[in-house]
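Peer 1:
Number of protein chains: 2
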Amino acid sequence: MSETQASTIKTIEWTEAGVRMIDQTLLPAHEVYRTYTDYQGVAEAIRSMVIRGAPAIGVAAAMGVALGVKNSNAASADALRADFELIARTISATRPTAVNLFWAVERTRRVFESALAEAASEEQAIAAAKERLVKEAQRMLAEDIAVNEAMGRAGAALLPDRGVVLTHCNAGALATGGYGTALGVIRAAVDAGKKIEVFADETRPFLQGARLTAWELSRDGIPVTIITDSMAGHFMKEGRIRAAIVGADRIAANGDVANKIGTYTVAVLARENGIPFYVAAPLSTIDLKLASGDEIPIEQRSAREVTHVAGVAIAPEAVRAQHPAFDVTPHRYVTAIITERGVAREPYTESLAALFGSKVNSRQSTVHSQG
Amino acid sequence: MSETQASTIKTIEWTEAGVRMIDQTLLPAHEVYRTYTDYQGVAEAIRSMVIRGAPAIGVAAAMGVALGVKNSNAASADALRADFELIARTISATRPTAVNLFWAVERTRRVFESALAEAASEEQAIAAAKERLVKEAQRMLAEDIAVNEAMGRAGAALLPDRGVVLTHCNAGALATGGYGTALGVIRAAVDAGKKIEVFADETRPFLQGARLTAWELSRDGIPVTIITDSMAGHFMKEGRIRAAIVGADRIAANGDVANKIGTYTVAVLARENGIPFYVAAPLSTIDLKLASGDEIPIEQRSAREVTHVAGVAIAPEAVRAQHPAFDVTPHRYVTAIITERGVAREPYTESLAALFGSKVNSRQSTVHSQG
Numbered sequence: 000m001s002e003t004q005a006s007t008i009k010t011i012e013w014t015e016a017g018v019r020m021i022d023q024t025l026l027p028a029h030e031v032y033r034t035y036t037d038y039q040g041v042a043e044a045i046r047s048m049v050i051r052g053a054p055a056i057g058v059a060a061a062m063g064v065a066l067g068v069k070n071s072n073a074a075s076a077d078a079l080r081a082d083f084e085l086i087a088r089t090i091s092a093t094r095p096t097a098v099n100l101f102w103a104v105e106r107t108r109r110v111f112e113s114a115l116a117e118a119a120s121e122e123q124a125i126a127a128a129k130e131r132l133v134k135e136a137q138r139m140l141a142e143d144i145a146v147n148e149a150m151g152r153a154g155a156a157l158l159p160d161r162g163v164v165l166t167h168c169n170a171g172a173l174a175t176g177g178y179g180t181a182l183g184v185i186r187a188a189v190d191a192g193k194k195i196e197v198f199a200d201e202t203r204p205f206l207q208g209a210r211l212t213a214w215e216l217s218r219d220g221i222p223v224t225i226i227t228d229s230m231a232g233h234f235m236k237e238g239r240i241r242a243a244i245v246g247a248d249r250i251a252a253n254g255d256v257a258n259k260i261g262t263y264t265v266a267v268l269a270r271e272n273g274i275p276f277y278v279a280a281p282l283s284t285i286d287l288k289l290a291s292g293d294e295i296p297i298e299q300r301s302a303r304e305v306t307h308v309a310g311v312a313i314a315p316e317a318v319r320a321q322h323p324a325f326d327v328t329p330h331r332y333v334t335a336i337i338t339e340r341g342v343a344r345e346p347y348t349e350s351l352a353a354l355f356g357s358k359v360n361s362r363q364s365t366v367h368s369q370g
Numbered sequence: 000m001s002e003t004q005a006s007t008i009k010t011i012e013w014t015e016a017g018v019r020m021i022d023q024t025l026l027p028a029h030e031v032y033r034t035y036t037d038y039q040g041v042a043e044a045i046r047s048m049v050i051r052g053a054p055a056i057g058v059a060a061a062m063g064v065a066l067g068v069k070n071s072n073a074a075s076a077d078a079l080r081a082d083f084e085l086i087a088r089t090i091s092a093t094r095p096t097a098v099n100l101f102w103a104v105e106r107t108r109r110v111f112e113s114a115l116a117e118a119a120s121e122e123q124a125i126a127a128a129k130e131r132l133v134k135e136a137q138r139m140l141a142e143d144i145a146v147n148e149a150m151g152r153a154g155a156a157l158l159p160d161r162g163v164v165l166t167h168c169n170a171g172a173l174a175t176g177g178y179g180t181a182l183g184v185i186r187a188a189v190d191a192g193k194k195i196e197v198f199a200d201e202t203r204p205f206l207q208g209a210r211l212t213a214w215e216l217s218r219d220g221i222p223v224t225i226i227t228d229s230m231a232g233h234f235m236k237e238g239r240i241r242a243a244i245v246g247a248d249r250i251a252a253n254g255d256v257a258n259k260i261g262t263y264t265v266a267v268l269a270r271e272n273g274i275p276f277y278v279a280a281p282l283s284t285i286d287l288k289l290a291s292g293d294e295i296p297i298e299q300r301s302a303r304e305v306t307h308v309a310g311v312a313i314a315p316e317a318v319r320a321q322h323p324a325f326d327v328t329p330h331r332y333v334t335a336i337i338t339e340r341g342v343a344r345e346p347y348t349e350s351l352a353a354l355f356g357s358k359v360n361s362r363q364s365t366v367h368s369q370g
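Chains as they are written, first to last, in numbering that gives the first Met the number 0: chain A, 0 to 370; chain B, 0 to 370.
#1: Pick out whichever of ALA312(B), ALA247(B), ALA28(B) and VAL267(B) has its Cα sitting closest to the Cα of ILE295(B).
#2: Quick one: which chain A residues come within Cβ less than 8 Å of SER350(B)?
#3: Can you give the Cα-Cα distance for ILE50(A) and CYS168(A), rounded to whole angstroms?
#4: Given this structure, state the Cα-to-Cα distance separating LYS129(B) from ALA92(B), to the nearest angstrom.
#5: Under three-state DSSP, which class holds GLU298(A)?
#6: Is there at least one Cβ from chain A nearer than 7 Å to GLU271(B)'s Cβ?
#7: Check whether the Cβ atoms of ALA243(B) and ALA269(B) sit closer than 7 Å, and answer yes or no.
#8: Return the residue from the list LEU100(A), GLY63(A), THR89(A) and LEU79(A) that minimises the CA-CA distance to ASP383(A).
#9: Does ALA209(B) come within less than 7 Å of chain A when only Cβ atoms are used?
#10: Can the beta-carbon of GLY232(A) be found closer than 7 Å to that of TYR263(B)?
#11: Give the DSSP bridge partners of VAL256(A), in chain order.
#12: Can you pull the chain B residues whose beta carbon is under 9 Å from the beta carbon of THR264(A), in chain order?
#13: Can you check which of these residues, TYR32(A), ILE274(A) and LEU25(A), is closest to GLU12(A) by C-alpha distance?
#14: Quick one: which chain A residues come within Cβ less than 9 Å of ARG51(B)?
#15: Evaluate the contact criterion for the segment 248 to 256 of chain A versus the segment 289 to 306 of chain A: three or more CB pairs, one atom per stretch, below 8 Å.
#16: Using a Cβ-Cβ cut-off of 8 Å (strictly less than) and excluding sequence neighbours within five positions of GLN4(B), which residues of its own chain qualify?
#17: Going along chain A, which residues have a C-beta under 7 Å from LYS236(B)?
#18: Around the Cβ of ARG106(A), are there at least 16 other Cβ atoms within 10 angstroms (buried) or fewer (exposed)?
#19: Give a yes or no on whether the minimum CB-CB distance between VAL308(B) and chain A is below 7 Å.
#20: Straight-line CA distance for ARG300(B) to HIS322(B)?
#21: What's the C-alpha gap between THR14(B) and THR34(B)?
#22: Closest to GLU316(A) by CA distance: which of ARG303(A), THR180(A) and LYS194(A) is it?
#23: Residues of chain A with a CB under 8 Å from the CB of ALA28(B): which are they?
#24: Buried or exposed for ASP326(B), please, with buried defined as at least 16 other CB atoms from any protein chain shown within 10 angstroms of its CB.
#25: At 7 Å on the CB atoms, spell out the chain E contacts of VAL318(B), in chain order.
#26: Please report how far the alpha carbon of ILE144(A) lies from the alpha carbon of THR175(A), in whole angstroms.
#27: Opposite LEU165(B) in the DSSP bridges: which residues?
#28: So ARG33(A) is in the beta strand (DSSP E); what residue range does that whole segment cover?
#29: Which residues of chain A have a Cβ atom closer than 7 Å to the Cβ of GLN321(B), listed in chain order?
#30: Roughly how many whole angstroms lie between the Cα atoms of THR202(A) and SER120(A)?
#31: Buried or exposed: which applies to ASN147(B), given that a residue is buried once 16 or more other Cβ atoms fall within 10 Å of its Cβ?
#32: Three Cβ pairs or more, each shorter than 8 Å: is that satisfied between the segment 129 to 142 of chain A and the segment 154 to 166 of chain A?
#33: Under 8 Å by Cβ, that's how I've got VAL18(A) and MET62(A) pegged, so tell me the actual separation to the nearest angstrom.
#34: Identify, in the order they occur along the chain, each residue of the same chain with its Cβ nearer than 6 Å to the Cβ of ILE225(B), setting aside the five sequence neighbours on each side.
#35: Using a Cβ-Cβ cutoff of less than 7 Å, which residues in the same chain neighbour TRP102(B) once the five nearest sequence positions on both sides are dropped?
#36: In this structure, how does DSSP classify MET235(A) when only helix, strand and coil are distinguished?
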């Protein structure tokens, strides 16, 4: 049921008219789809969080690059390369924390250069680069869904057979190409017959939990209860929560996890109360170039997103507010990291590196090849 | 400066026309004062959080009882006593967690019975009971301010000379007769020359931090920055926060502290990061009848206060939400409890009991007698 339902949420797709996304700033009140016809529009959609969630941002970045190159009027390979670099810079400048953005742009760059190199003539090179970038972006969307389903299979056994699982922010279909990372693991556990109820932190300031996680789990018929971020500790102490699971925006080589602001708090409270704290993320979120989370850049967003809710001021005018959009959870609080290639545990420096060396299993490969 | 400024915020006062309060549900957008002319109105004001904060609720309860008895048409002492009991029951049923409510009602009962017992005639008894209850309620307001100032003197030395102090909810002038408990300690520290900046947790769902703490500290010229509840842990981990201080709604004999939902989370994060966590509360908030916080009733408020902000829905319709209004912080997380009679530390069962046996110091006695 969940897969069918989840597939009805089209977070992002490539269409003849352009890149189409559901506007996540308007959910759940309005279900509006927007089609972007140039890469600048896609960049602005990422920046303004029409689309958000590390894997979804990665797919959007690839589609933005493909759209920009497709629209280019460059008449030579060099001119097209210059356009590519401008597009890549613009897309890369939208949000600093989620590494999937940079991972996706690099992947399109490799495809772009290989298309240029292989073509017989300059004209063919330009056509090939445009065509292969569009195909690659579509493949990345399909792969992302398959990766999430593999993550679900890898992680479902970790969740309790029954009871409340806490999640923070939205790491669901809306944060990905589909199915979700943390919510994908929950979906897989429910599909496997587990009687799971989700407590969703509302996730101030952007309210991804109250707006998006509640919306997509309700559509799937998975029981969900909204709590404020400040209530998670109380319910853990009362013994109501059996496990916590979140997504990630970037994971360093040592297992430190950058994720939505408030994640660190959930992790500390979980450990204090003897509750497992899981992170579900694809390998594309793991940044082995960074030794620790100290090196992960934390995006600072507008104070207005804190002082206003749904356009209404909730604070006195001219009062300062801070808005770090992410925090870093040190790896010692992380019980396990669930990826499409299996589950990593301490010591993460070794277990994460090992995952990159391993091969996907045959079932995943099959799913991949369908992309 | 702060005392002068704070006195300009009239949280509650007795007037000839009735009990006058600033409507805290409308702050900071609108500064509206409401005058209640019957006890039912005062009870509804407490229930709907026009007035909130344990000490302020205590004063409101006493004024509500005084108003109800003053308005009574009872022609005999027995009839007046029956009215008193109805009024006391109505006021006591408004909110279950803050013990100051019950403490205040009990205090008015003693005054009421003593007035009845001492009078020569039934007519005189009725007049004396009405007059003494009004005076007692006014005295409790003045005492509360004096108690908060004494708490400020007792606690100011605990705060750092400079840097950021975190607070949760509003434990300020608006939560009390004036000056505040936790914010009173901050005011006293600032008056003593300390360069303190306050980080105010916005305190979902009712937003007492963003709406009330930011408003009253701004009026006092004390630097204040609003953060979401989910950011406190991040700033502690980053080394930005030097101390945390909160008020309390009820403290058990062993030092367990019931306070606004989210307080437990602040306390756990503070200990995890080696930051002192202080509670400032008058003796009237300490309930020696309860051995531990497990016995403190936790008020469950409407889910709508979670799913709606400023009247706007932030969640899908029909999605469940939980709304425990308070949580209990086990005493092991509490660095010290600051009262008007001095600072208590572990073991609280002994140190809190000792405070009840001790006398107020001469300066406080002087202030008390002015009430």
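Glycine included, every Cβ here is placed at the ideal spot set by N, Cα and C.
Peer 2: Walking through what the data contain:
#1: ALA247(B)
#2: Chain A residues near SER350(B): none, gap ~24 Å exceeds 8 Å.
#3: 14 Å
#4: 22 Å
#5: coil
#6: yes
#7: yes
#8: An answer regarding residue 383(A) cannot be provided, because it is not within the stretch 0 to 370 covered by chain A.
#9: yes
#10: yes
#11: ILE250(A) and THR328(A)
#12: ASP228, SER229, MET230, ALA231, GLY232, HIS233, THR264, VAL267 and LEU268
#13: TYR32(A)
#14: What ARG51(B) touches in chain A: nothing, since even the nearest Cβ is about 16 Å away.
#15: yes
#16: The pLDDT assigned to GLN4(B) is 43, lower than 50, so where the model puts this residue is not dependable, and the model offers no usable value.
#17: TYR263
#18: buried
#19: yes
#20: 5 Å
#21: 8 Å
#22: ARG303(A)
#23: ALA312
#24: buried
#25: Chain labels in this structure do not include chain E; the protein chains are A and B.
#26: 7 Å
#27: PHE198(B) and ALA243(B)
#28: 32 to 35
#29: THR224, ILE226 and MET230
#30: 52 Å
#31: buried
#32: no
#33: 5 Å
#34: ALA199, GLU201, ALA209 and ALA213
#35: GLY57 and SER283
#36: helix
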